[in-house]
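Take a look at the structure set out below.
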Amino acid sequence: MFDLFKQKEESSAPDVKSLRQNLLLFIKEQLQKWEGGEGAHVKGMQLFLAPSADDRHLYEAAVFFDAQNKFKNDEIQRIADDYAIDLPVDWALDLLFVEVLPPEAVKSKDLPVALHVSTKKQPVLTTLTTAYLRIINGEAEKEQYTLTDKGSKVCIGREKRVQTDEGFLRENTIAFPSTSENASNKYISRQHAHIEWNKDVGGFFLYADDGGIPPKNKIKIQTENGDVIRLSSTHVGHHLQEGDQIVLGESALMQFSYMES
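With the sequence shown counted from 1, adding 1037 to any position gets you my numbering.
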């Protein structure tokens, strides 16, 4: 009797695979507007998801939330390839769980989701122009910093105001005091890194500065799917994504998120 009730309960539960197929069908309908070479104008996509609290885990599983590149590269890219939608190599995907779907995005008729395709003329929605950087290990002046598309370059380093090797003054917005007893602080350079908003891509980029590249103090990033990226040049930045963990020096740790803690 117990097994019978259990089977009925499982059969009535939403199917993650079916949910994923329905999400992809919705995305396909939107992407077909970009057939015929128009896909080259796409900078990225924002998929907004607003399921109930009880269903959130199903949607997370459907979009491989813990390995977002899988949904992007294995599922959406296959749709683009099948329909000859020539997306650029560096197109970005943001999966965003929200309480209310943004009115500017295209809403699904059947699911609590909406999609926004960003281009140079239609950049990302304002929901994604504010982000947060949390200090996980090491001691900075604040525990959390707010990043916006309207702000200037956000410098990161040891001490608030320092003099560069060229003799100029540099102000670190995210400053780790050298007087701190936290051992992580001493491995952070005075000119370690900075973050900039890229209006063409519609995202925040992390760059190493002179003090943050080998053989000096290092910078490495771990993405949500476990990939580790090391910055070894001041000219090549990393497009920050939800959940990215950033290590400065030996053990100072920050985490990037679009959701305020």
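Beta carbons: idealized from backbone N, C-alpha and C, even for Gly.
Determine the direct distance from the alpha carbon of residue j to that of residue i, and round the result to whole angstroms.
i: Leu1206; j: Met1296; result: 33 Å
i: His1276; j: Glu1203; result: 28 Å
i: Ser1298; j: Tyr1182; result: 11 Å
i: Lys1190; j: Asn1209; result: 10 Å
i: Glu1218; j: Ala1177; result: 11 Å
i: Glu1180; j: Gly1194; result: 15 Å
i: Asp1147; j: Ala1129; result: 25 Å
i: Phe1241; j: Gly1188; result: 11 Å
i: Phe1213; j: Asn1222; result: 6 Å
i: Ile1122; j: Asp1237; result: 20 Å
i: Leu1124; j: Ala1220; result: 45 Å
i: Ser1348; j: Ile1256; result: Only positions 1038 to 1298 of the chain appear in this structure, which leaves residue 1348 out of reach.
i: Val1284; j: Thr1185; result: 21 Å
i: Ser1294; j: Leu1170; result: 6 Å
i: Glu1224; j: Gln1278; result: It should be noted that the sequence gives Tyr, not Glu, for residue 1224. Going by the C-alpha atoms only, they are around 25 Å apart.
i: Tyr1120; j: Lys1253; result: 47 Å
i: Gln1259; j: Tyr1244; result: 15 Å
i: Ser1048; j: Asp1092; result: With a pLDDT of 40 at Ser1048, under the threshold of 50, the modelled position of this residue cannot be trusted; read the value that follows with caution. Taking the straight line joining both Cα atoms gives about 16 Å.
i: Gly1286; j: Pro1140; result: 42 Å
i: Ile1266; j: Lys1065; result: 31 Å
i: Leu1290; j: Asp1127; result: 27 Å
i: Thr1271; j: Ile1250; result: 7 Å
i: Gln1114; j: Ala1230; result: 32 Å
i: Cys1192; j: Lys1109; result: 31 Å
If we count the other Cβ atoms within 10 Å of its Cβ and call it buried at 16 or more, is residue i buried or exposed?
i: Leu1062; result: exposed
i: Ile1232; result: buried
i: Asp1111; result: exposed
i: Asp1131; result: buried
i: Ile1173; result: exposed
i: Arg1248; result: One detail in the question is off: residue 1248 reads as Gly in this sequence, not Arg. Looking at its Cβ environment, which holds 16 or more other Cβ atoms inside 10 Å, Gly1248 is buried.
i: Lys1080; result: buried
i: Val1150; result: buried
i: Ser1069; result: The identity of residue 1069 in the sequence shown is Gln, whereas the question assumes Ser. With fewer than 16 Cβ atoms within 10 Å of its Cβ, Gln1069 is classed as exposed.
i: Gly1263; result: exposed
i: His1094; result: exposed
i: Lys1107; result: exposed
i: Ser1269; result: exposed
In chain order, what residues of the same chain have a beta carbon less than 6 Å from the beta carbon of residue i, not counting five sequence neighbours either side?
i: Phe1134; result: Leu1086
i: Tyr1096; result: Leu1086 and Pro1088
i: Asn1292; result: One detail in the question is off: residue 1292 reads as Gln in this sequence, not Asn. Taken in chain order, the residues that qualify are Arg1171, Ile1173 and Gln1282.
i: Arg1198; result: Glu1208
i: Ser1145; result: Phe1063
Do you know whose CA, among the options, lies nearest residue i's CA?
i: Arg1227; options: Thr1216, Pro1251, Tyr1244 and Thr1201; result: Thr1201
i: Glu1196; options: Val1126, Leu1130, Lys1187 and Thr1216; result: Thr1216
i: Val1239; options: Thr1166, Lys1223 and Ser1145; result: It is worth fixing the name first, because residue 1239 is Gly in this sequence and not Val. Closest by alpha carbon: Thr1166.
i: Ala1104; options: Glu1261, Pro1149 and Leu1290; result: Glu1261
i: Val1137; options: Ile1258, Ala1090, Leu1290 and Ser1269; result: Ala1090
i: Val1273; options: Trp1071, Gln1067, Phe1108 and Asp1246; result: Asp1246
i: Ala1168; options: Gly1280, Thr1271 and Trp1071; result: Gly1280
i: Asp1175; options: Thr1156, Cys1192, Ser1155 and Ile1211; result: According to the sequence provided, residue 1175 is Gly. The question's Asp does not apply to it. Looking at the Cα atoms, Ile1211 is the closest of the given residues.
i: Thr1156; options: Trp1071, Cys1192, Lys1109 and Ile1250; result: Trp1071
Could you name the residues of the same chain whose beta carbon sits closer than 7 Å to that of residue i, not counting the 5 residues immediately before and after it, in chain order?
i: Ala1099; result: Val1053, Leu1056, Arg1057 and Leu1060
i: Phe1102; result: Leu1132
i: Asn1235; result: Phe1242
i: Ala1077; result: Asp1123 and Pro1125
The ligand HEM heavy atoms versus the CB of residue i: any closer than 7 Å?
i: Ile1211; result: Among the components of this structure there are no ligands whatsoever, and the ligand HEM is therefore not found.
Leaving aside the five residues before and after residue i along the sequence, list all residues of the same chain whose C-beta is less than 8 Å from its C-beta, in chain order.
i: Ala1117; result: Leu1068, Gly1076, Asp1123 and Leu1124
Length at least 3, wholly inside the segment 1112 to 1164: the beta strand (DSSP E) runs in chain order: Those beta strand (DSSP E) runs which fall completely within the segment 1112 to 1164 and span 3+ residues are 1129 to 1134 and 1150 to 1156.
List in chain order: all unbroken beta strand (DSSP E) runs of 3+ residues lying wholly within the segment 1186 to 1240. The segment 1186 to 1240 contains, as complete beta strand (DSSP E) runs of 3+ residues, the segments 1191 to 1195, 1198 to 1200, 1206 to 1208, 1211 to 1213 and 1230 to 1235 (chain order).
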